[in-house]
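Protein chains in written order, with my numbering: chain A, 23 to 582; chain B, 657 to 1046; chain C, -6 to 522. Below is one structure, written out as structure tokens, with a few remarks after it.
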Amino acid sequence: MTKSQGGEAITGIQALQGEGVHVSQGFWADAWERVVKRPGAIMGMAWIGIVSFFAVFAPVLASGHPLVMWELNAAGERGAMTSPLLQHLSTTDWLILIWSVVCTIGLVLPLGIKRSRKLAWIIFLSLQTVATVIVAAGIKGFFGKRDAADWARELEQSDFFIMGAAALSALVCALFFLLAPTSRTIWKRAIFVTIVGAVSGITMFQTWETPPPTFQYMQRERERKIEAIYTLVPWSPSQRLSDRSTLRLEPGNSAGSALAETLTIDLPLMGPIGDDGVADVLSGIDRLPLQAAEKATAKEEFRAWVEGARTIQTEITSENAGDALRDIMRPFGRSFRVGTDTLGQDVASQMMHASRLSVSIGLVSTGIAVVIGVTLGALMGYFGGKVDLILYRVVEIFMAIPVLFMLIVVAGVLPRNTYVMMAIIGCFTWHFSARYTRAEFLKLRNQDFVQSARAAGLPLRSILFKHMLPNGVTPVLVDSSFRIALAIQFEAILSFLGLGPVDQPSWGRLLSDAAGDAGAFAPWLAIFPGLAIFLTVLAYNLLGESLRDAIDPKLRKARV
Amino acid sequence: MAEAAAKSATNGEPAKPIMRVDDLAVSFDNGRGPRIQAVDGVRMSVYPRQTLAVVGESGCGKSVTAMSSMQLVPMPPGHFDRGRILWRGSGTEIDLLSLNDRQMRDIRGNDIAMIFQEPMTSLNPVYTIGDQILEAILLHQNVTASEATEIAVESMNDVGIPDPKARLRAYPHQFSGGMRQRVMIAMALACQPKLLLADEPTTALDVTIQAQILELLRELQQTRSMAVMLITHNLGVVAENADVVCVMYAGRVVEYANVFELFSNPMHPYTRGLFASIPKMLTRRDRLVTITEVTDDPKQFEKLPGASEGVRPWWPWHTPPKDMAAADGPAGDYYLQEVSPGHWVGVWRTAAVHDHESRAPDLTYRIADDPAKVSLRPKAQHVETTVTGA
Amino acid sequence: MAAYLIRRLLLMIPTLIGITFLVFMLIALSPGGIGAAQRFAGGSGQSGVDARAQQAYLEDRYGLDDPAVVQYVRWLGRISPLKFGTRDQRDPAGTIIRSPKPLKPIAMLGELWGTEDDLTAPGEVEPETLSDDSAVNNATYRKASGAYLLARLDYIAAQTNLRLALSTWGTAQGIRGVLNNKSKLNESKLRGLHIVEDGPVPQAVQDKGLDAASTYRDAQEAVIQAYERAITSYNTAQVQRDHLANVYAAKPYPQVGWSIIPGVLSLGPPDFGTSSSRSQPVLALIKTALPVTVLLNLIAIPIIYLIAIPSGILAATRAGTWFDVASGAMYVALWSIPVVWAGTLMIGFVANERSGLGWFYVAGLNSPEADGFAYLPSWPNGDFHRGFMLDTLLHLCLPVSCLVYAGFAVLSKQTRAAMLDNFSADYVRTAKAKGVADRVVVMRHVFRNSLLPVITIFAAVFPAMLAGSVVVEKIFTIPGMGKLVLDAINLRDRELLLANTLMIAGVNLLALLLADILYALADPRVTYD
């Protein structure tokens, strides 16, 4: 208020004459302008951007497969060059990569299309990608099941199966783009249908059978059979420590004995153990998150083991053993920048891959909830009466029990995979948006523009979704940002409780490894995944706050 | 009887305004736009037992003027730019705007009371009527709770609420709109204020209730000899109730005169426009004259006395005349000029005006004191005119 | 008000039925389903025929071979305080005894082998006269029920055996899928086939060679034997059942509840069944767990209100100042901290003695030795002794702080928004015009009106708290409802899970009702008449 106290003030007349009046650019453009002025919103969007980047590019950023690999012949000369990483990308990875590239190009290139139109295109392309990914996963999941029906088994054996599956996914693409009002002429649409269908069909066809992952690159490198260049984080999320062994820091299992146990399994495969290597390990023990007494025992046990091992291995040099041991020992070692979990899997890699789960769970489950909620809420609000009475009882049933509790129960009894998780979070949180929409529609249905739309004889679909929805959907949209944050929290909590998807790494599951029963505590597992969840949730909450402040005029007035 | 009382009052003491608004300017912060000047250089005065009607369209600054005198303008976004509001509660004049919060609270509700436009929302829904009236009494009068209850009952009785004792325990939502406005008036009058600010007290009520409330106000004004500042945009209400009328436009006073002078001889084109737009009985018309039809007509601006010398009615939609002799200070382009005795009109501060600075608007006129006009007031005969105080 | 309360309480019934139905169906329809649940709980280590017999026994015992809806209605009948039919009886140990379940006859598959006439029809046994002495009756009943249990078990085993034999026989002649993947008989596959003792081997089997033919003959022989055994055991079981039913009808034990219409409708205590994973009555488990969860919430909720409301008021009165901005930002941050993270960090850095400060306790509700403590703190011989209550409170510090911090944001923001809303209300202007001091205006007028949305938000805060305590209990290993629920899920304990769901929903609905009543008390405009 201090900004122009003495400065020029205008009268209402001047305002009427247009002086100092800000010309509105439309509701959403104005709201957006207000949103991007807030530091909270900017920070939130920046973090969401970072997480989304990892969600898209995690498979090519963190992988145990070398980006480039050369076979070496006996003389140590480079032979053929291959890229195991690309060969091991799944259909989903490919589709998402293609999608992101197309969207980036579409956003950056000045195609002479309006921004809103570009946005519509990107939304449709995203929906398309999601649909195709789900269909692909569904087909694969159904046929890959152990107790699949006989006919499914037979079908899978047939020569045309993969082709058929690819064609089916292409058909899904076709459906979306034919229905979408992306362009007026049917020819243009047909062209896009063909392009998108062909891309996803070919991608599916090409990647139907990814070779089962074996991570023997490091060993082969040691044997000088290959030469490889790895990506940023040279571990796949499911890749266990040195492919062969795990370091289990379980209760009752001291660090030294766990180490010895692990190393004994590896002994035949390992190179000779040199004094340097031993010294390396001993200093590694010093860096472990253990107490002094435990460290001493661990060192003692390790020395004893080395003695034993040396009697087995006569030839003793230093080089390779050091590497292998260091890998196992260090939570903050060279190879594991953020340490490993209790199974010896790299935390950094898992965190990158888990960002895809968080981003997609947040968006998809909220999308499901909003679609169900808005549709039912609109029906309740518009029709009132019996429809309202019956449907609202259903809403009350959903409201009567805490959402998180219900999710725990449901996730506990249903199969544990990503898509089921999305579906249940969506299906058990829809009543929030249904209530908002119902309240808005109850207000709207008696307003003049709705009455006149009805009087004009417009079809119900048009009245509900074209005339009423844009006016009544604002609170739902503002709320949905908070709902995304909540969905991410729910996923983290469910994963923490061991009810999360088993087919994907998850921040919540990593966090649950941090505290063992008998007082073992791994700070790197507590801090990093937890921080990732917290920041993502915070980002969506900040964005939601900014959106709400920008859109809700009542609050804006009160904030003066 | 009214005459006698009025005379005794006028003879007993020299007429001095109870409140004087002097060059008041209030502006509001407007988010990212420039500040909006809601009130700019307003001058007016109100005398004891006088009814000053402030007329104007929505947003012309009449409510802001009234609220300023109670320091009720929300700050921020509001801000007093300059001016004074002089209050003569007990002999000496004090500037209301310069009072601190504590001093102001002693005046609010005690010396100056206010009733508002929306009786439906102006009462706190979670407290009983009794609680709310007692709150004001206990704040300002040194009485016990039971005495305060008696005062409250009496006050409710005065405003015509039947069975006041029982009604003290009722909640606002159990009253109708008209009754709630009566409660508001009872609450405002419970402490015997010297000035009542009535901010469109009847706008939200239906027509029959409006008449009742206004009649009640008039009656109470007579019995309690208080001054009333009646803010309205209803010219009918003005004609029936006002002694002096102040017409405002765009944050400035455009015309100021006693009610008969103003109605018979409106000088500012805007005032004329206002009157022209009133539908008249016995005149058959297809459509009414709009205010802009009058104000858009250049000839209307020629009719002001002194127009030949260059005195032009101030009108914000016009470009200022060429012979401006604007003062350097704020609102220097405008001046409230007494164009004829007892008749002020807002004019451009041209050279002609610059030379003849007039006194600030100040009219002691009261219909109750005017034997020729008092009978013109409808229902004046019902008014019990015993003057108790003064 | 009373009428309103009764109406609300009655309306809870359909809601609770709806919730439990939803959960029940989800359990029933989920892959693995309830069958898998009980199998998981019961079957361990066995394989082949034994495992299948065990499974069949469990399915029979828990009635899992009925359609899910029938099972649900049966469950509902058990927990309903209103009971239809004759009243149940209760033995001295407190176990509810119902009349014996009818036997399901063997699928005779039409003319495959034998006819329905070979089976004993129910009710063929003559009712015997029983003595008037209840002690004698008790003994008779116990004997009869033991005999029936054995006979029924034998019959179920015979039935399983028969199914397997039929499956083998089907495979021998090239018919696959006689048993579906839940080991149920797929009758349509065998329709139209006949077994004749020592009958000819079908041509198709003969074509495959001598081995196939002999396998077929063996399988056929096995089927015939299985049928004979099944029929015999069925008949025995049927006789035993009729006998037991007769003994039961003589009411050997006292009946439960109160009769409304004798023999048709009665009022009885709800029976939540027995937990299959812990072999204890579910009600007893809940009785020990529910108070813990309620205690957690009863401590946490006042803390939230006591901190959030004053800070919301302060933020509103100082809207736009650093306090407002900072408290707002802090609350959003707190709100965004996932409870699992907060819990893990607290355990690791505050409670853990090795990696953290070791200030509080990592797990449980009491120290192991707390049972011997006096209740209140005491100073025997000058040494401080913390006592049971303080011990519990110390254990609760971290769980409660995990539970409260997220609630601050919601409540304080709501208070702030409501206050700001009311600041611009007309009656505030009226109060100011009366000369009421600003602070009085804030507390007496603005805050009093802002209470209403604050009470309403209770309906959003409480469910979240209740669910949050489930997670918190898991993190801090507190033996409350949350731990019970997670155990029930992990051990696939259907009865426990359903009862827990019902309890949580019930507590939640009661809390929401309380919020509505408080609202009516706070707002004179709302009346529930």
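Just so it is clear, CB atoms sit at the ideal spot from N, CA and C, and this is done for glycine as well.
- A direct Cα-Cα distance of roughly 8 Å separates C:ILE497 from C:LEU459.
- Under the Cβ criterion of 8 Å, C:SER252 is not counted among the residues facing chain A.
- Nearest in C-alpha terms to A:SER534, of all of A:PRO523, A:ARG415, A:PRO551 and A:GLU323, is A:PRO551.
- DSSP places A:THR113 inside the alpha helix (DSSP H), whose first and last residues are 113 to 130.
- With a minimum length of 4 residues, the unbroken runs of alpha helix (DSSP H) contained wholly in the stretch 930 to 977 of chain B fall at 947 to 951.
- Judged by DSSP in its simplified three-state form, B:VAL695 adopts strand.
- Annotation: C:ALA460 has no Cβ neighbours in chain B at a cutoff of 7 Å; minimum Cβ distance is about 32 Å.
- Taking the C-beta atoms as reference points, B:VAL893 is found nearer than 8 Å to B:LEU870.
- One finds ALA537 and PHE543 in chain A with Cβ atoms closer than 8 Å to the Cβ of C:ILE340, taken in chain order.
- Cβ contact annotation for A:ALA548 (same chain, cutoff 6 Å, sequence separation greater than five): ALA536, in chain order.
- Within the model, the alpha-carbon separation for A:GLN511 versus A:PHE420 is close to 19 Å.
- A straight line joining the alpha-carbon of A:VAL431 with that of C:TYR420 spans about 48 Å.
- Sequence-distant partners of B:SER683 (beyond 5 residues in either direction) whose C-beta falls short of 6 Å from its own C-beta, in its chain, are ARG691, GLN693, HIS735 and ASP737.
- Counting every other CB atom within 10 Å of its CB across the protein chains shown gives A:PHE49 a total below 16, marking it as exposed.
- Under the three-state reduction of DSSP output, A:MET421 falls in the helix class.
- For B:VAL909, the enclosing beta strand (DSSP E) starts and ends at 908 to 914.
- Taking a C-beta distance under 8 Å as the contact criterion, A:TYR404 and A:ARG467 qualify as a contact pair.
- Within the same chain, Cβ atoms closer than 7 Å to the Cβ of B:TYR905 are found at GLY712, CYS716 and TYR926, the five residues on either side in sequence being excluded.
- Counted as a single uninterrupted DSSP element, the alpha helix (DSSP H) harbouring A:GLN473 occupies residues 470 to 477.
- By the criterion of at least three beta-carbon pairs nearer than 8 Å, the stretch 282 to 291 of chain C is in contact with the stretch 467 to 480 of chain C.
- Under the Cβ criterion of 8 Å, B:PHE772 is counted among the residues facing chain C.
- Shortest Cα-Cα distance from C:HIS438 to any of C:SER160, C:MET339, C:ILE306 and C:TYR227 involves C:ILE306.
- About 7 Å separates the CB atoms of B:VAL884 and B:LEU873; that is less than 8 Å, so the two are in contact.
- The three-state reading of DSSP puts B:ALA681 in strand, counting E and B together.
- With contacts defined as CB atoms closer than 8 Å, C:TYR209 and C:VAL198 qualify as a contacting pair.
- Residues of the stretch 432 to 452 of chain C with a C-beta atom less than 7 Å from some C-beta of chain B are HIS438, ARG441 and ASN442, listed in chain order.
- For B:SER996, the beta-bridge partners assigned by DSSP are B:HIS999.
- Look at C:ARG311: its C-beta is not under 8 Å from any C-beta on chain B.
- Counting the other Cβ atoms within 10 Å of the Cβ of A:SER455 gives 16 or more, which makes it buried.
- Look at B:LYS672 here: in three-state DSSP terms it is coil, with no helix or strand label.
- A distance below 8 Å separates the beta carbons of C:VAL465 and C:CYS395.
- Beta-bridge partners assigned by DSSP to B:TYR905: B:ARG908.
- In this structure the stretch 791 to 801 of chain B touches the stretch 761 to 772 of chain B; the number of beta carbon pairs closer than 8 Å is three or more.
- Around the CB of B:LYS821, fewer than 16 other CB atoms lie within 10 Å, so the residue is classed as exposed.
- A distance below 8 Å between beta-carbons, with the five flanking residues on each side excluded, links C:ARG71 to the following residues of its chain, in chain order: PRO263, ASP264, PHE265 and GLY266.
- Cα atoms of A:THR104 and A:TRP92: separation of roughly 6 Å, rounded to the nearest angstrom.
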